[in-house]
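Protein chains: 2
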Amino acid sequence: MTTNELSITMREYLAEIYRLSDREGATQQGYISTSALAELLDVSAPAVNRMVTKLKDQHLLIHEPYQGIALTEAGQKEALTMLRRHRITEAFLVNVMGFAWHEIHEEASRISGTLSEALTQRMADMAGNPTICPHGEPIPAEDGTMPDLQDILLAEAPQNTPLYVTRVRTREADRLQYLAALGLVPGAEVTVIHAAPFNGPLQLKLKDEYRIVGHNLAELIRVRGE
Amino acid sequence: MTTNELSITMREYLAEIYRLSDREGATQQGYISTSALAELLDVSAPAVNRMVTKLKDQHLLIHEPYQGIALTEAGQKEALTMLRRHRITEAFLVNVMGFAWHEIHEEASRISGTLSEALTQRMADMAGNPTICPHGEPIPAEDGTMPDLQDILLAEAPQNTPLYVTRVRTREADRLQYLAALGLVPGAEVTVIHAAPFNGPLQLKLKDEYRIVGHNLAELIRVRGE
DNA sequence: GCTGGTCGTTTACAGGGGTTAAATTTGCAA
DNA sequence: TTGCAAATTTAACCCCTGTAAACGACCAGC
Numbered sequence: 014m015t016t017n018e019l020s021i022t023m024r025e026y027l028a029e030i031y032r033l034s035d036r037e038g039a040t041q042q043g044y045i046s047t048s049a050l051a052e053l054l055d056v057s058a059p060a061v062n063r064m065v066t067k068l069k070d071q072h073l074l075i076h077e078p079y080q081g082i083a084l085t086e087a088g089q090k091e092a093l094t095m096l097r098r099h100r101i102t103e104a105f106l107v108n109v110m111g112f113a114w115h116e117i118h119e120e121a122s123r124i125s126g127t128l129s130e131a132l133t134q135r136m137a138d139m140a141g142n143p144t145i146c147p148h149g150e151p152i153p154a155e156d157g158t159m160p161d162l163q164d165i166l167l168a169e170a171p172q173n174t175p176l177y178v179t180r181v182r183t184r185e186a187d188r189l190q191y192l193a194a195l196g197l198v199p200g201a202e203v204t205v206i207h208a209a210p211f212n213g214p215l216q217l218k219l220k221d222e223y224r225i226v227g228h229n230l231a232e233l234i235r236v237r238g239e
Numbered sequence: 014m015t016t017n018e019l020s021i022t023m024r025e026y027l028a029e030i031y032r033l034s035d036r037e038g039a040t041q042q043g044y045i046s047t048s049a050l051a052e053l054l055d056v057s058a059p060a061v062n063r064m065v066t067k068l069k070d071q072h073l074l075i076h077e078p079y080q081g082i083a084l085t086e087a088g089q090k091e092a093l094t095m096l097r098r099h100r101i102t103e104a105f106l107v108n109v110m111g112f113a114w115h116e117i118h119e120e121a122s123r124i125s126g127t128l129s130e131a132l133t134q135r136m137a138d139m140a141g142n143p144t145i146c147p148h149g150e151p152i153p154a155e156d157g158t159m160p161d162l163q164d165i166l167l168a169e170a171p172q173n174t175p176l177y178v179t180r181v182r183t184r185e186a187d188r189l190q191y192l193a194a195l196g197l198v199p200g201a202e203v204t205v206i207h208a209a210p211f212n213g214p215l216q217l218k219l220k221d222e223y224r225i226v227g228h229n230l231a232e233l234i235r236v237r238g239e
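Protein sequence lines, in the order shown, are assigned to chains A and B.
Quick note: to get our numbering, add 13 to the position in the first sequence (first position is 1).
Quick note: to get our numbering, add 13 to the position in the second sequence (first position is 1).
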């Protein structure tokens, strides 16, 4: 029997694999390393390895020994369901309950595993049926459709062009707080005035204010032209 | 080391023990049976037994072998924290999210184990800082204070006296739906016109409507004179 | 082509929570 | 008082998820 009920832990592994693939997965043919996964999930490597074989047995992912893992179609579908719950929860916490965007990631992680579909849908409605979470990540539709954002790194964006922040890819509370204070949040308009070479800092224009941000921060932010 | 972190399961046992003590615990010196607990938690008797010894080791309850169990002061405190989370969640689901009172018990059970104190408090605020859950059960304050409702069974209430429904002590969805349709919800005014002897049905007056309810339902409803 | 270091995998084990089956104790009825 | 049925407890086992430590594969540099 391969169509077992998935445990919450299994779903969390799948979601984290998806996130990882999404983040750095553009590299090579899409295999991600199991130790990177262990790092993100904060568990030991053997724990990941055993879970990987279990998920592989259910045809939710492919495991190329010593090479890495990649989600199958089915695994991706499960992962997207999880991501949907998680991001809707985050949107609800911010839009409806008034939490700040740096307070929500862990909270949402704890809660979202336990949500029924009915409750998730109601949360989405109350949050205004958002298409992105507070950090800008797209929210999969119920059918598993995932919009493609087509955005680029702020650190690599063209200069003197009006840009819009799409996503902010960190969950570290202090960084999020700092970025919010600068106004670097999804939807904000920003222009790169100057980018110093050799991964130097960027001079930005934000609502007529000029700001400097380091390259490491600029690599967490993605933007779109439009 | 006795002051370990309690698992969610352990807390759920404690909460259910409290509910049970509260319901029928007025009998004898307050020991409740482990098999009743097993029934409510839908687990086997040995599972309860092992958990009981574990909770006893942490001084959260007293176990008189073959007699029953009772919460200690510390155990009661934990139980009240859980009940608070659970009932606030229920109030939030109804008052803020618009769910019906028969849809919420299981949902709240799944969710409430994962809520942080900050989120619980925010939910309470948004729900209007309720003192009772949608079924009328009192919500413990943060300090663990639990109001005493001083109510009596509708089935044993005096006749021709204006009464107010305080609580409805079932979680069965169909019964709750039926009672809501009748208007027998916490806060409703009701008068017992006549109670047939030998546990017969009761004739009630509800908002100028006359209704008949069976004795078994009347035993689920508690009222207060005021 | 060998050799070491790193990363991935396997093995052995721990602990939480659950189950069924067998032993006990209890309490009630004959 | 005895005897039996029901309730409780113990015993032996399962699955899940985790850990640490030993083991094996892969790659780089000599």
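Cβ atoms here follow ideal geometry from the backbone N, Cα and C, with glycine treated the same way.
Chain-ordered, the chain A residues with CB closer than 8 Å to the CB of B:R135 read M110, G111, F112. If you ignore the 5 residues before and after A:Q172, its C-beta comes within less than 6 Å of the C-beta of V205, all in its own chain and listed in chain order.
Where B:T133 is concerned, the enclosing alpha helix (DSSP H) starts and stops at 130 to 139. Per DSSP, the continuous alpha helix (DSSP H) segment holding A:Q89 begins and ends at 86 to 108. Beta-carbon to beta-carbon, A:A92 and A:I30 are separated by about 7 Å, close enough to satisfy the 8 Å threshold. Leaving aside the five residues that flank A:L219 on each side, the residues in its chain whose CB is nearer than 6 Å to its CB run, in chain order, G196, V203.
Per DSSP, A:I152 lies in no beta strand (DSSP E) segment and is marked neither H nor E.
Listed along the chain, the chain B residues whose CB falls inside 7 Å of the CB of A:L132 are E120. Nearest CB-CB separation between B:T127 and chain A: below the 7 Å threshold.
Counting along the chain, the unbroken beta strand (DSSP E) around A:Y177 starts and ends at 175 to 181. With respect to chain B, the C-beta atom of A:I124 has a partner C-beta closer than 7 Å.
For A:A51, the enclosing alpha helix (DSSP H) has its first and last residue at 47 to 54. For the pair B:Y177 and B:E239, the CB atoms are nearer than the 7 Å cut-off.
Counting along the chain, no alpha helix (DSSP H) covers B:L219; the unbroken beta strand (DSSP E) around it starts and ends at 215 to 219. For B:M139, the C-beta contacts it makes with chain A under 8 Å involve M110, in order along the chain.
By the neighbour-count definition (other C-beta atoms within 10 Å, threshold 16), A:I21 is an exposed residue. Three or more Cβ pairs closer than 8 Å define a contact, and the stretch 94 to 107 of chain A meets that threshold against the stretch 145 to 161 of chain A. Around the beta carbon of B:H115, 16 or more other beta carbons sit within 10 angstroms, so the residue counts as buried. Secondary structure of A:A83 (DSSP, three-state): strand. Secondary structure at A:I117: coil, using DSSP grouped into helix, strand and coil.
Sequence-distant partners of B:G213 (beyond 5 residues in either direction) whose C-beta falls short of 8 Å from its own C-beta, in its chain, are H228. DSSP places B:E202 in the strand class (E or B) of the three-state scheme. Taking 8 Å as the upper bound for CB-CB distance, A:E103 and A:P147 are in contact here, some 5 Å apart. In this structure, B:R235 sits near B:L166, with a CB-CB distance shorter than 7 Å. In the DSSP assignment, A:I75 is bridged to A:A83. B:V226 places its beta carbon less than 7 Å from that of B:L215.
Just measuring C-alpha positions, the residue of B:T174, B:M139, B:L73, B:A58 sitting nearest B:E18 is B:L73. In its chain, beyond the 5 residues on either side, I101, F105 have a beta carbon closer than 6 Å to the beta carbon of B:M136. Counting along the chain, A:R63 sits inside the alpha helix (DSSP H) bounded by residues 58 to 70.
When C-alpha distances from A:A87 are compared across A:Q80, A:I75, A:Y79, the shortest belongs to A:I75. Inclusion of B:V61 and B:T47 in the CB contact set at 7 Å is warranted, their separation being smaller than that value. Shortest Cα-Cα distance from B:A140 to any of B:N108, B:H118, B:K67, B:A168 involves B:N108.
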